[in-house]
Amino acid sequence: MSILSVPADSISVEEALRRVLDAAPILQPAPVPLAEAGGLVLAEAIVADEDLPPFPAATMDGYAVVAADGAGWRELIGEQLAGYDAGLAVRPGTVARITTGSPLPPGADAVVMVERTTEREGRVEIGQDLIEVGENIRPIGVDMARGQQVLAAGTIIGPAEMGLLASLGIAEPIVHPRPRVAVLSTGDELVEPWETPGPGQIRDANRYALGVALAELRLPVVRSTIAPDEERATRASLLDALAVADMLITSGGVSMGQRDLVKGLLDELATVRFGRLFMKPGKPLHFATVADEKLIFGLPGNPVSALVGFEIFVRPALLKLAGHRQPTRPRISVELAHPITPGDRPEFQRATVRQGPDGRLVATTTGAQGSSRLASLVGANALLALPARREPFEAGEKVEAILTGALAG
Ligand code: AMP
Ligand code: MG
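Position one of the sequence shown corresponds to residue 333 (the numbering used here), numbered consecutively onward.
In structure tokens:
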């Protein structure tokens, strides 16, 4: 098998990703209101400063009893519902009605579920002979004990983590904030989606496509602009975006054309870390930094190149900024459903990966793979990472894939 090597004027995807992740700073931790913390990364470990539950609580609706009493008729002394202390004390020979989540009255040491009882005229027949001490009771601190670390620094706040933080009364967790992102489409040919393109014009797809890619990461777009292929206007748009964002994502204007102005402006305004990749699609993708704290991605204008570049480089950079410890997606092994013609650059082909009844993961590409053909990303849930080589990829051959969406059935 002959592997075609990286030309001198380009760098490999792996090297490029390394440079991106090395340069991306983790954003400084700050407190945020709990309701806004979903999806963010904890910057500090969370240690429980109280027991949960804070009191022994019934786990069933029924009667709080003295376990040693066993079966028989008992006197009903009152009712303990959730949310307050009814001030009852259960003595041998007496019981209190109790509901799930209510504090166990003093003196009681078990709860008998209502299904095993009969209540009549202020008395209750307990129909269970052997009652264990502690039965149907959630003791103090079983869910979380005071002093216990419940969440490590670096944990992503999902539904369960959010529930824990709320339970512990952490109103403003210290997290890495959401990166603020600016998006800039460049090109004299671009008009807005609701406009009718004139001769030679097309509608701007990239700002809208990238907007959704960012929305999927729950990231706010703080600027979204079209700049014409004119140097002063493009410089002004770049500077304006850099003033308000942690990351600027541009599209277009980084190839070799006369009017590819972003390229030169990045050289002028930022430190360019790479500008040419041994990769398809997306060869002219640029990455630059400003004062080691703001990141600029100059994505190619072709919509597929822009979105693939986002997936491979921008997404990991954003996750790194946001404090994620694992910013890249895992690569999995999938089987090709059909042969694929190889290329002379490593290629990310768009594919649908399905899991067959035998558990095997099988990939079918989404048709013609041209870098302007957005339809090649529609319905795709994976990028196949195909190495550059001369021999065709065969049906049944195993290749690496990055799952970008849910497995297809
Ligand atoms: P460029 O990278 O500026 O040379 O653009 C490459 C190709 O992508 C050209 O055909 C452009 O018209 C197209 N293109 C650039 N920007 C966009 C955009 N925002 N939406 C759709 N197509 C674009
Ligand atoms: Mg252009």
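Don't be surprised by glycine CBs; every beta carbon is placed ideally from N, CA and C.
Could you check if F387 is buried or exposed, using at least 16 other CB atoms within 10 Å of its CB as the buried criterion?
In the sequence shown, residue 387 corresponds to position 55, counting from 1. Classification for F387: exposed.
Quick one, are the C-beta atoms of R512 and V576 less than 8 Å apart?
Walking along the sequence shown from the start, residue 512 turns up at place 180. Walking along the sequence shown from the start, residue 576 turns up at place 244. Yes, the pair counts as a contact, with Cβ atoms nearer than the cut-off.
Taking L496 as the reference, give the member of V554, A380, I430 and G459 with the closest Cα.
For the purposes of this step, residue 496 is taken as residue 164 along the sequence shown, with counting starting at 1. With distances taken between Cα atoms, L496 lies closest to A380.
For the ligand MG, any of its heavy atoms closer than 7 Å to the Cβ of D599?
One-based indexing of the sequence shown puts residue 599 at position 267. It does not: the Cβ of D599 is nowhere closer than 7 Å to a heavy atom of the ligand MG.
With the cut-off set at 8 Å, would you say I489 and A568 are in Cβ contact?
Mapped onto the sequence shown, residue 489 falls at position 157. Mapped onto the sequence shown, residue 568 falls at position 236. Between I489 and A568, the C-beta spacing is not below 8 Å.
Which listed residue (W405, A695, E451 and L653) has its alpha carbon closest to that of G728:
In the sequence shown, counting from the first residue as 1, residue 728 sits at position 396. Minimum Cα-Cα distance from G728 among the listed residues W405, A695, E451 and L653 corresponds to A695.
Is there contact between the region 415-425 and the region 436-445, where contact requires at least three CB pairs shorter than 8 Å?
A contact exists between the region 415-425 and the region 436-445.
Check each candidate in L349, L336 and L462 and name the one with the smallest Cα separation from L651.
Residue mapping note: residue 651 aligns to position 319 of the sequence shown, counting from 1. Of the candidates L349, L336 and L462, the residue whose Cα lies closest to the Cα of L651 is L349.
3-residue-minimum beta strand (DSSP E) runs that sit fully inside the region 686-722, ordered along the chain
693-697 and 714-718, all fully within the region 686-722.
V743, DSSP secondary structure in three states
Coverage of the chain is limited to positions 333 through 741, which leaves residue 743 absent and any answer about it impossible.
Identify whether Y416 lies in helix, strand or coil by the three-state DSSP scheme.
The residue labelled residue 416 in the question sits at position 84 within the sequence shown. In this structure, Y416 counts as coil in the three-state DSSP scheme.
Scan the region 445-506 and note each continuous beta strand (DSSP E) run of 3 residues or more that stays entirely inside, going in chain order.
Counting only runs that start and end inside the region 445-506, the beta strand (DSSP E) elements of at least 3 residues fall at 449-452, 455-458 and 481-483.
In this structure, does DSSP put L384 in helix, strand or coil?
Reading the sequence shown from its first residue, position 52 is the one you call residue 384. Residue state, collapsed to three classes: strand.
Give a yes or no on whether the C-beta atoms belonging to S389 and Q412 are separated by under 8 Å.
Reading the sequence shown from its first residue, position 57 is the one you call residue 389. Reading the sequence shown from its first residue, position 80 is the one you call residue 412. The question names Ser, yet the displayed sequence has Ala at residue 389. Their beta carbons are not under 8 Å apart, which means A389 does not touch Q412 by this criterion.
Since S708 contacts R686 with CB under 8 Å, what's their CB separation in whole angstroms?
Counting from one through the sequence shown, the residue named residue 708 turns up at place 376. Counting from one through the sequence shown, the residue named residue 686 turns up at place 354. The beta carbons of S708 and R686 sit about 17 Å from each other, so the pair does not count as a contact at 8 Å.
Are the Cβ atoms of L742 and A537 separated by less than 8 Å?
This structure does not reach residue 742, given that the chain is present from 333 up to 741, and the question cannot be answered.
Among the residues of its own chain, which have a CB less than 8 Å from the CB of K612, if the five just before and after it don't count?
Within the sequence shown, the letter at position 280 stands for residue 612. Closer than 8 Å at Cβ, skipping near neighbours: G675, R677, P678, E679, F680 and S703.
Figure out for me which residue from D624, E667 and I430 has the closest Cα to the Cα of D690.
Translated into positions along the sequence shown, residue 690 becomes position 358. Nearest option by C-alpha distance: E667.
Please classify Q590: is it buried, with 16 or more other beta-carbons within 10 angstroms of its beta-carbon, or exposed?
By 1-based counting over the sequence shown, the position of residue 590 is 258. Burial call: exposed.
At a threshold of 7 Å, does D520 count as lining the ligand AMP (C-beta to nearest heavy atom)?
To locate residue 520, count along the sequence shown from 1; it is residue 188. Set against 7 Å, the gap from the CB of D520 to the closest heavy atom of the ligand AMP is not smaller.
Just to confirm my understanding: we take F610, look at its own chain, exclude 5 residues before and 5 after, and list those with CB closer than 8 Å. What are they?
By one-based count along the sequence shown, residue 610 stands at place 278. The residues are V338, P339, S342, I343, S344, V345, R677, P678 and A720.
Determine the closest residue to E464 out of G532, A400 and L483, with distance taken between C-alpha atoms.
Residue numbering aside, residue 464 sits at position 132 when the sequence shown is read from its first letter. Taking only the C-alpha atoms, the option nearest E464 is A400.
At least 3 beta-carbon pairs within less than 8 Å: the region 627-644 vs the region 536-550
The region 627-644 vs the region 536-550: in contact.
Per DSSP, what kind of secondary structure is L359 in: helix, strand or coil?
Residue 359 sits at position 27 when you count from the first residue of the sequence shown. Correct three-state label for L359: coil.
In its own chain, which residues sit with a C-beta less than 8 Å from the C-beta of L597, not counting the 5 before and 5 after it?
On the sequence shown, residue 597 is found 265 positions in, with the first residue counted as 1. The residues are E563, T566, R567 and L570.
Going by the DSSP bridge assignment, what does M579 pair with across the sheet?
Numbered from 1 along the sequence shown, position 247 holds the residue referred to as residue 579. For M579, which the question treats as bridged, DSSP gives the partners V513 and L627.
With a floor of 4 residues, list each alpha helix (DSSP H) that falls wholly inside the region 583-642, ordered by position along the chain.
Here the runs fully enclosed are 593-601 and 635-641.
Proximity winner among A355, I378, G633 and G711, relative to E493 (alpha-carbon distances):
Along the sequence shown, read from residue 1 onward, the residue named residue 493 stands at position 161. Comparing Cα-Cα distances from E493 to each of A355, I378, G633 and G711, the minimum goes to I378.
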